[in-house]
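2 protein chains.
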Amino acid sequence: MNEQDIKGFFADEEDLIHDDYLFFTFWFETAEKPEHAVAELACELSTAQWKRPGIDEDYRPRHAAKVVHLEILSEARRPSFMTSFAKGDHFYRGLVRLAYPQINIGPRLPNLLTTVCGEGAFFCKAISAVKLVDIDFPASWLADFQGPRFGIEGLRGILDVYDRPIFLGVVKPNIGLDPKSFAGIAYESWIGGLDIAKDDEMLGDTTWSPLIRRCREVGRKRKEAEDLTGEKKIYLANITDEVDRLRELHDLAVREGANAVMVNAEPVGLSALRMLAKHASVPVVAHFAGIAPMTRLPYYGVSSIVLTKLQRLAGADLIIVPGFGGRMKTEEEEVLDTVDACTEPFGHCKRSLPTPGGSDWAGTLPLVSEKLRSHEFGFICGRGVFNHPMGPTAGAASLRQAWEAIVQRLPLADYAADHRELEVALEAFGGNGVSEPPKKAVAPAGAVPLVEFLSMVNR
Amino acid sequence: MNEQDIKGFFADEEDLIHDDYLFFTFWFETAEKPEHAVAELACELSTAQWKRPGIDEDYRPRHAAKVVHLEILSEARRPSFMTSFAKGDHFYRGLVRLAYPQINIGPRLPNLLTTVCGEGAFFCKAISAVKLVDIDFPASWLADFQGPRFGIEGLRGILDVYDRPIFLGVVKPNIGLDPKSFAGIAYESWIGGLDIAKDDEMLGDTTWSPLIRRCREVGRKRKEAEDLTGEKKIYLANITDEVDRLRELHDLAVREGANAVMVNAEPVGLSALRMLAKHASVPVVAHFAGIAPMTRLPYYGVSSIVLTKLQRLAGADLIIVPGFGGRMKTEEEEVLDTVDACTEPFGHCKRSLPTPGGSDWAGTLPLVSEKLRSHEFGFICGRGVFNHPMGPTAGAASLRQAWEAIVQRLPLADYAADHRELEVALEAFGGNGVSEPPKKAVAPAGAVPLVEFLSMVNR
Chain A
37 MNEQDIKGFF
47 ADEEDLIHDD
57 YLFFTFWFET
67 AEKPEHAVAE
77 LACELSTAQW
87 KRPGIDEDYR
97 PRHAAKVVHL
107 EILSEARRPS
117 FMTSFAKGDH
127 FYRGLVRLAY
137 PQINIGPRLP
147 NLLTTVCGEG
157 AFFCKAISAV
167 KLVDIDFPAS
177 WLADFQGPRF
187 GIEGLRGILD
197 VYDRPIFLGV
207 VKPNIGLDPK
217 SFAGIAYESW
227 IGGLDIAKDD
237 EMLGDTTWSP
247 LIRRCREVGR
257 KRKEAEDLTG
267 EKKIYLANIT
277 DEVDRLRELH
287 DLAVREGANA
297 VMVNAEPVGL
307 SALRMLAKHA
317 SVPVVAHFAG
327 IAPMTRLPYY
337 GVSSIVLTKL
347 QRLAGADLII
357 VPGFGGRMKT
367 EEEEVLDTVD
377 ACTEPFGHCK
387 RSLPTPGGSD
397 WAGTLPLVSE
407 KLRSHEFGFI
417 CGRGVFNHPM
427 GPTAGAASLR
437 QAWEAIVQRL
447 PLADYAADHR
457 ELEVALEAFG
467 GNGVSEPPKK
477 AVAPAGAVPL
487 VEFLSMVNR
Chain B
37 MNEQDIKGFF
47 ADEEDLIHDD
57 YLFFTFWFET
67 AEKPEHAVAE
77 LACELSTAQW
87 KRPGIDEDYR
97 PRHAAKVVHL
107 EILSEARRPS
117 FMTSFAKGDH
127 FYRGLVRLAY
137 PQINIGPRLP
147 NLLTTVCGEG
157 AFFCKAISAV
167 KLVDIDFPAS
177 WLADFQGPRF
187 GIEGLRGILD
197 VYDRPIFLGV
207 VKPNIGLDPK
217 SFAGIAYESW
227 IGGLDIAKDD
237 EMLGDTTWSP
247 LIRRCREVGR
257 KRKEAEDLTG
267 EKKIYLANIT
277 DEVDRLRELH
287 DLAVREGANA
297 VMVNAEPVGL
307 SALRMLAKHA
317 SVPVVAHFAG
327 IAPMTRLPYY
337 GVSSIVLTKL
347 QRLAGADLII
357 VPGFGGRMKT
367 EEEEVLDTVD
377 ACTEPFGHCK
387 RSLPTPGGSD
397 WAGTLPLVSE
407 KLRSHEFGFI
417 CGRGVFNHPM
427 GPTAGAASLR
437 QAWEAIVQRL
447 PLADYAADHR
457 ELEVALEAFG
467 GNGVSEPPKK
477 AVAPAGAVPL
487 VEFLSMVNR
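Keeping their order, the protein sequence lines are chains A and B.
If you read the first sequence in the numbering used here, its first letter stands for residue 37, the second for the next number, and so on.
If you read the second sequence in the numbering used here, its first letter stands for residue 37, the second for the next number, and so on.
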C-alpha cells in the first residue's frame with residue numbers, strides 16, 4: 037500500500053456513526069512503520085482488495101476497518117518470540133483501536149471470531165506478534181443477542197439467596213464415581229450449606245456415569261437436601277457433548293432432576309453455547325476449560341476478557357473464570373477484568389454471576405471477597421469441600437462459617453474457635469492442603485479494610 | 037503426591053490394551069523433577085483425586101492417564117516465556133506420551149478438547165509451558181466417527197479430475213461485492229480453468245450479499261461455465277454462521293446452486309463441523325481461520341497437526357491449512373505434517389484433500405507440488421487469480437498452464453513464452469505482486485528433481 041492507500045484505513049472516531057461499528061483493540065508488535073503496519077492489519081481484517089481491477093470504485097468507506105487510535109507503548113530490539121518470520125532489529129509495541137463495520141459480519145459469533153482470530157489478524161505480514169485485548173460492542177449490536185436469561189438476579193431468585201456469595205462445589209473424585217455414590221456426596225455437601233453441587237468439567241455423559249442416571253440420582257438427593265435444610269439447592273449438570281446433542285441433553289437433564297446445565301464454552305464453541313442458552317429453561321453455566329491455549333501469553337492470542345464478554349453475550353448466566361492464586365497462572369488484574377466483564381453495563385444484557393475458580397477453600401474467601409469488593413460472585417471449591425477431613429458436609433459448612441466471620445468482621449482464626457468445621461479446614465488446608473492459597477488468604481478478615489467492603493454490600 | 041502416588045501414573049505401553057486408550061503427546065517445560073511434573077500432568081488430566089476419603093479404593097488403573105514415554109530434550113536456565121508463575125532457575129524441556137483411557141470421555145470432540153486443552157494440561161502447577169503436539173487415535177476410537185463422506189476420491193469424482201491438483205480460487209474483492217458481480221467474477225475464473233470458485237472465509241450470509249441470492253446467482257453461472265467448458269465446476273459457499281443455522285444454510289445453499297459448503301472450523305467449533313458433515317449431501321470444507329491464536333508458538337498451545345486431524349475426524353472432505361511462504365508464518369515442516377494429517381492412514385476414515393493456502397499463484401505451483409511430491413492437493417489462490425492484470429479468466433488459465441509446464445518438465449519461464457496468461461502472471465507477481473512467493477518459487481521447474489515427483493503421480 038502506498039501512503040494514499042493507507043489513509044483509506046484511518047478515520048476519526050468522532051466522524052463515524054458509532055452504532056455502525058464494533059471496536060477491536062489489539063496489542064501488536066511490528067518491525068515496520070507502525071502506521072503502515074496497523075493499516076495493513078485493518079486492510080487484512082476487512083476488505084483486503086477494495087476495488088475490482090479496472091473499475092473506479094472504493095469499498096473502504098463502507099467496508100474497511102478503520103484505525104481510530106494508535107498508541108506506541110514501547111520499543112525493543114528483539115521480537116516477543118523468536119521465529120524465522122519475525123525479522124527486524126527494531127520493534128514497536130503498541131495498541132491499536134479499530135472501528136469495524138458491523139455489516140461485514142452481522143450479529144453472529146462465528147463470523148466475529150473469524151474476523152478477530154482469523155487470517156487477517158494472525159497472518160498479517162507486518163505484525164510479528166498480536167493479541168486481541170478487547171472488543172467494545174455498541175448496544176446496536178448487542179440488541180440482536182438475548183444475553184443471560186436468568187443472570188445474577190434470576191440465579192439468586194432460584195436459590196432465594198441474596199446477601200452473600202453463591203457457594204458451588206465440584207463433586208470429587210471427579211472421574212470414576214458411579215451415579216449413586218456421586219449423588220450421596222452431592223447430598224452431603226448440600227446439607228452442609230453448599231448452594232450448587234456440580235459436575236466437574238471433565239465429567240460428561242459416560243458409560244460408567246450416564247447423564248440420565250446421574251441426574252436421576254442427584255435430582256432425588258437434591259429434593260431430600262432441600263427438604264432437610266429448607267434451602268433451595270441446584271444440581272448443575274455438565275452436558276458438554278457434541279453440539280447436536282446439547283438441547284436434547286438439556287431436556288433430559290432437566291427432566292431427570294438437574295436444575296442448571298454447564299458447558300465448556302470453547303470446546304463446544306461459543307455459538308453452541310448461544311444455541312443452548314436460547315433453548316434452556318434453567319440457568320446455563322459456561323466453564324473456562326479450553327481458553328488457556330490462547331489467553332495465557334501477554335503478547336499473543338486472545339484475552340480472557342474478550343472470551344468472557346462473548347460468553348455473557350452468548351447467554352451464560354454464570355461464568356467460571358480462572359481465579360486468584362498461583363495455580364491458576366492468571367494475573368490478579370486479569371481476574372478482576374473478567375469479573376468486570378460479567379457485570380459491567382452491557383447493553384440490555386443481564387449480569388452473569390462471576391465465579392473465579394481455582395483451588396479455593398474457606399481460607400481464601402476473605403481475600404477473594406476483599407478483592408472483588410462485593411458479595412456478587414460465585415465461590416467454587418473442589419477438594420476444599422470434598423476432601424475436607426470431616427467430609428463434604430463439614431467442607432461446605434466451613435465455607436458458610438468463613439462468610440459469617442467476614443460479615444461479623446472477625447478473623448477466620450477467631451471465628452474458628454467456636455466452629456469446628458472451619459477450624460479443621462484451616463488446619464488441613466492452611467498449609468499445603470489444597471494447592472497453595474493466595475498470599476494473605478488466611479490473613480484474618482479483621483486485618484483488611486472490610487468496613488468499606490461491607491458497606492458496599494447490597495442487602 | 038509422594039513417590040508411591042506418582043508410580044500410579046506410569047505404565048508400560050506394552051502392558052496396556054491399546055484399543056482402550058488415546059495417546060496424547062505434549063511438549064512440556066518444568067522447573068521440577070520431570071517424572072514428578074508429568075505424573076502431576078497425568079493426574080490433573082484424569083482422576084485428580086483417585087479415591088474417596090476413608091474408602092480403600094484406587095481409580096487409577098481404570099481411569100488415570102498414564103505416562104508411557106518421557107524424553108528430556110533440553111535444559112535451560114530460563115522459562116520459555118516469563119510470567120510471575122514460571123518460577124525456577126533450571127528448566128527441563130521434553131516430550132511426554134500419555135495413554136488416556138477412552139472411557140473417561142467417549143467418542144466426543146468437545147470432551148476430548150476439554151481434556152487436552154483444559155484445566156488439567158494448561159493449569160498444571162508443575163508445568164511452566166506446554167503444547168499439545170499430537171494425538172494418536174486407535175481404530176477403536178475412530179470407528180465411532182464418520183470421517184469425510186467424499187474424501188479425495190469423492191471430490192475428484194464430482195469434478196472428473198484425476199491427474200492433477202484441484203484448482204481453487206477465492207473470489208476477490210472478498211468483502212463488498214454484490215451477488216451478481218460476484219457470480220460474474222466466479223464465472224470468469226471457471227472458464228479460465230478453475231475447478232472450485234469459493235467464498236472468502238470472511239464472507240458469510242450478509243445483508244449486502246445474502247447467501248440465498250449469492251448461491252442463486254453463482255449457481256446459475258456455474259452451470260453456464262460447465263456448459264461452456266465441458267468441465268464440472270464447484271461453487272463452494274461459506275456457510276460459517278451460528279451453529280443452529282448450519283444445517284438449514286447447507287440446505288439452502290445446495291438448493292440454490294452451491295455444490296460444496298465451507299465452515300471455519302474453530303469459529304463454529306469442531307463439533308459443529310461434525311454435525312454439518314453428518315448432515316451434508318455435498319463435500320464439506322474446513323478452513324483454518326481461528327487456529328493461529330493457539331498454534332503459532334513452538335512452546336505453547338496446540339499444534340496445527342492435532343487440529344487438522346480433528347477436522348478430518350469431524351468429516352471435512354477438504355482441509356485448507358496454512359501453506360508455504362513467509363506470509364503464512366508456518367514452518368515448512370509443519371505444513372507438511374498437516375498435509376500428512378489429511379492423507380495418512382486413519383482407521384476407516386477417508387483422506388481429506390490437503391489444501392495449503394496462502395498467497396499462492398501460478399509461480400508457486402512448481403515449488404508446492406515439489407514439496408508435496410504428489411498431485412493430491414488443492415491449490416488455492418486469491419489475488420493470484422482475481423487480481424491478474426488480464427482478469428480472472430487469465431488468472432485461472434495461468435494456473436493450468438503452470439501445471440502443464442510441470443507435467444512437460446519445462447521451466448515456467450520457457451512455457452510462458454507461448455502462453456500469454458502465464459507470462460503476464462510471472463511479470464505481475466514474480467516480484468512483489470502477490471505478497472512474496474516462497475523462495476525458489478519461480479525457479480524453473482526443470483531445476484528441481486521433478487522426475488522422481490512425476491513418477492510418483494498416480495494416473
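Here a beta-carbon is modelled for each residue, glycine too, at the ideal position from N, C-alpha and C.
Computed from a predicted structure; not experimentally measured.
For residue i and residue j, I'd like the C-alpha separation in whole angstroms.
{"i": "residue 447/B", "j": "residue 430/B", "result": "19 Å"}
{"i": "residue 457/A", "j": "residue 147/B", "result": "35 Å"}
{"i": "residue 397/A", "j": "residue 355/B", "result": "46 Å"}
{"i": "residue 463/A", "j": "residue 422/A", "result": "15 Å"}
{"i": "residue 314/B", "j": "residue 46/A", "result": "44 Å"}
{"i": "residue 221/A", "j": "residue 207/A", "result": "7 Å"}
{"i": "residue 72/B", "j": "residue 42/B", "result": "7 Å"}
{"i": "residue 283/A", "j": "residue 312/A", "result": "6 Å"}
{"i": "residue 434/A", "j": "residue 406/A", "result": "18 Å"}
{"i": "residue 331/A", "j": "residue 122/A", "result": "21 Å"}
{"i": "residue 484/B", "j": "residue 185/B", "result": "Interpretation of residue 484/B is limited by its pLDDT of 33, a score under 50 that renders its predicted location unreliable; no figure is taken from the coordinates."}
{"i": "residue 309/B", "j": "residue 301/B", "result": "6 Å"}
{"i": "residue 250/A", "j": "residue 264/A", "result": "21 Å"}
{"i": "residue 53/B", "j": "residue 183/B", "result": "24 Å"}
{"i": "residue 411/A", "j": "residue 201/A", "result": "5 Å"}
{"i": "residue 50/B", "j": "residue 84/A", "result": "54 Å"}
{"i": "residue 107/B", "j": "residue 352/B", "result": "34 Å"}
{"i": "residue 324/A", "j": "residue 131/B", "result": "26 Å"}
{"i": "residue 167/A", "j": "residue 452/B", "result": "43 Å"}
{"i": "residue 126/A", "j": "residue 198/A", "result": "55 Å"}
{"i": "residue 442/A", "j": "residue 402/A", "result": "7 Å"}
{"i": "residue 469/B", "j": "residue 333/A", "result": "Per-residue confidence for residue 469/B stands at a pLDDT of 39, beneath the threshold of 50, marking its modelled position as unreliable; the derived number appears in the next sentence. Approximately 34 Å between the Cα atoms of the pair."}
Please report the residue range of the beta strand (DSSP E) in which residue i lies.
{"i": "residue 298/B", "result": "296 to 300"}
{"i": "residue 232/A", "result": "232 to 234"}
{"i": "residue 43/A", "result": "Looking at the DSSP string, residue 43/A is not in any beta strand (DSSP E); the run it does join, the alpha helix (DSSP H), is 39 to 43."}
{"i": "residue 168/A", "result": "163 to 172"}
What are the boundary residues of the alpha helix (DSSP H) that residue i is part of?
{"i": "residue 59/A", "result": "Premise fails: residue 59/A lies in the beta strand (DSSP E), 57 to 66, not in any alpha helix (DSSP H)."}
{"i": "residue 223/B", "result": "215 to 228"}
{"i": "residue 348/A", "result": "340 to 350"}
{"i": "residue 271/B", "result": "Careful: residue 271/B lies outside any alpha helix (DSSP H), inside the beta strand (DSSP E) at 270 to 274."}
{"i": "residue 127/A", "result": "Here residue 127/A belongs to no alpha helix (DSSP H); instead the beta strand (DSSP E) covers 127 to 137."}
{"i": "residue 407/B", "result": "401 to 408"}
{"i": "residue 314/A", "result": "306 to 315"}
{"i": "residue 429/B", "result": "428 to 443"}
So residue i packs on residue j, CB below 8 Å; how close in whole Å?
{"i": "residue 226/A", "j": "residue 256/A", "result": "Going by Cβ atoms, the distance from residue 226/A to residue 256/A rounds to 12 Å, so no, they are not a contact pair."}
{"i": "residue 306/A", "j": "residue 274/A", "result": "Wrong, their Cβ atoms sit about 17 Å apart, outside the cutoff."}
{"i": "residue 101/B", "j": "residue 81/B", "result": "5 Å"}
{"i": "residue 289/B", "j": "residue 247/B", "result": "6 Å"}
{"i": "residue 387/A", "j": "residue 188/A", "result": "5 Å"}
{"i": "residue 150/B", "j": "residue 303/A", "result": "5 Å"}
{"i": "residue 191/A", "j": "residue 319/A", "result": "6 Å"}
{"i": "residue 415/A", "j": "residue 204/A", "result": "7 Å"}
According to DSSP, what are the bridge partners of residue i?
{"i": "residue 259/A", "result": "Answer by DSSP bridge pairing: none, since residue 259/A is not bridged."}
{"i": "residue 323/B", "result": "300/B and 356/B"}
{"i": "residue 415/B", "result": "203/B"}
{"i": "residue 141/A", "result": "Answer by DSSP bridge pairing: none, since residue 141/A is not bridged."}
{"i": "residue 105/A", "result": "133/A"}
Using 8 Å as the Cβ pair cut-off and three pairs as the minimum, do the segment 287 to 298 of chain A and the segment 287 to 299 of chain B touch? Taking 8 Å as the limit for Cβ pairs, the verdict is that the segment 287 to 299 of chain B does not touch the segment 287 to 298 of chain A.
Meets three-Cβ-pair contact criterion under 8 Å: the segment 84 to 96 of chain A and the segment 113 to 126 of chain A: Counting C-beta pairs with one atom in each stretch, the segment 84 to 96 of chain A and the segment 113 to 126 of chain A have fewer than three that are closer than 8 Å, which means they do not touch.
Determine, using beta-carbon pairs with one atom in the segment 152 to 165 of chain B and one in the segment 359 to 377 of chain B, whether at least three such pairs fall under 8 Å. Under the Cβ criterion (8 Å, minimum of three pairs), the segment 152 to 165 of chain B does not count as touching the segment 359 to 377 of chain B.
Would you call the segment 165 to 183 of chain A in contact with the segment 137 to 146 of chain A, where contact means no fewer than 3 C-beta pairs closer than 8 Å? Per the Cβ contact rule, the segment 165 to 183 of chain A is in contact with the segment 137 to 146 of chain A (3 or more Cβ pairs under 8 Å).
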